[in-house]
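These notes concern the structure reproduced below.
In our numbering, the protein residues as written are 5 to 121.
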């Protein structure tokens with residue numbers, strides 16, 4: 005069972021498995037050649053990487069690389085933030101009524117026949 009832990013968890017687990025490989029190749033083979041690899045969150049990413057056919061040393065080196073798509077997705081965070089803030093400021097329409105001040109409603113939010121019940 006491989007645990008979570010975000011990007012650090014992926015690097016830590018990959019490094020741990022590399023250490024096991026160096027210290028006990030037989031134990032590493034039993035771990036890495038399992039029929040089923042189970043992981044949660046980052047552990048599932050490690051399980052997928054291990055079963056990808058890439059050598060463990062290569063996976064470990066990728067975690068130490070200066071650049072990584074995991075760390076820099078190439079998305080402009082300021083542009084994403086602005087889109088998010090625009091969405092928050094936009095009025096929301098719910099059927100005949102929109103989210104606006106009651107004075108702007110054309111009709112009362114509840115039909116008058118419901119009043120007094």
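Where is the CB? At the ideal position from N, CA and C, for every residue including glycine. Keep in mind it's a predicted model, so treat the numbers as computed, not measured.
Per-residue DSSP class, three states only, for residue i
| i | result |
| --- | --- |
| residue 62 | helix |
| residue 94 | coil |
| residue 83 | helix |
Alpha carbon of residue i to alpha carbon of residue j, nearest angstrom
| i | j | result |
| --- | --- | --- |
| residue 54 | residue 26 | 16 Å |
| residue 31 | residue 21 | 10 Å |
| residue 60 | residue 49 | 13 Å |
| residue 56 | residue 90 | 41 Å |
| residue 15 | residue 79 | 23 Å |
| residue 93 | residue 63 | 44 Å |
| residue 10 | residue 95 | 36 Å |
| residue 71 | residue 65 | 11 Å |
| residue 81 | residue 6 | 31 Å |
Please specify which runs of the alpha helix (DSSP H), each continuous and at least 4 residues long, are wholly inside the stretch 6-54, giving them in chain order.
-> 10-27, 29-36, 46-54
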